[in-house]
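Structure first, commentary second.
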């Protein structure tokens, strides 16, 4: 993954995070609270933002140090992790399909693997 693509993904995920977070906090708060899913929704938004910021930092770092190819691996893993982890939690909140909660740990493993890839890239630096 290139630095440019990582920064574009970070921008996309960041913008979506703001939009989804605002929509949930303002437009859907009553529904989310009534279903007992407001905390789940907040967790999804929070993890999306944490990893958006991590992607932003990795994109800048990869631009400066393109030889650290594991940074691109970390970015792929985090992107997939956000889609699977936060995405499954968003879907759970909006559909009520509780089986989607079983998908979230797969996304969590991708997020963890991304941090391990960052650790390995840092060891190469």
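Numbering (my numbering), first residue to last: 1 to 125. Here a beta-carbon is modelled for each residue, glycine too, at the ideal position from N, C-alpha and C. In this text, all values refer to a predicted model and were calculated from it rather than measured experimentally.
For this session: Using alpha carbons as the reference points, say which of 69, 30, 89, 1 lies closest to residue 47.
Result: 89
Problem set entry | Proximity below 8 angstroms, CB of residue 77 to CB of residue 117 | yes
Exercise. Given residue 70, which residues of its chain have a CB within under 8 angstroms of its CB, disregarding the five upstream and five downstream residues?
Worked result: 117, 118, 120, 121, 124
For this session: Measure the beta-carbon distance from residue 113 to residue 56 and round it to whole angstroms, keeping in mind my assumption that it falls under 8 angstroms.
Result: Actually they are not in contact, since the Cβ atoms of residue 113 and residue 56 sit about 19 angstroms apart, beyond 8 angstroms.
Exercise. So what's residue 31 in DSSP terms, helix, strand or just coil?
Worked result: helix
Exercise. Do you know offhand how far residue 96's Cα is from residue 64's?
Worked result: About 44 angstroms.
For this session: Would you kindly report the start and end of the unbroken alpha helix (DSSP H) that includes residue 10?
Result: 3 to 22
Problem set entry | alpha helix (DSSP H) segment containing residue 85, residue limits | Per DSSP, residue 85 belongs to no alpha helix (DSSP H) and is neither H nor E.
Exercise. Thinking C-beta only, is residue 86 closer than 8 angstroms to residue 44?
Worked result: yes
For this session: Taking residue 42 as part of the alpha helix (DSSP H), name the residues at either end of that continuous run.
Result: 38 to 64
Exercise. Cα separation between residue 2 and residue 60?
Worked result: 10 angstroms
For this session: Using the Cα positions of residue 93 and residue 73, report the straight-line distance between them to the nearest angstrom.
Result: 30 angstroms
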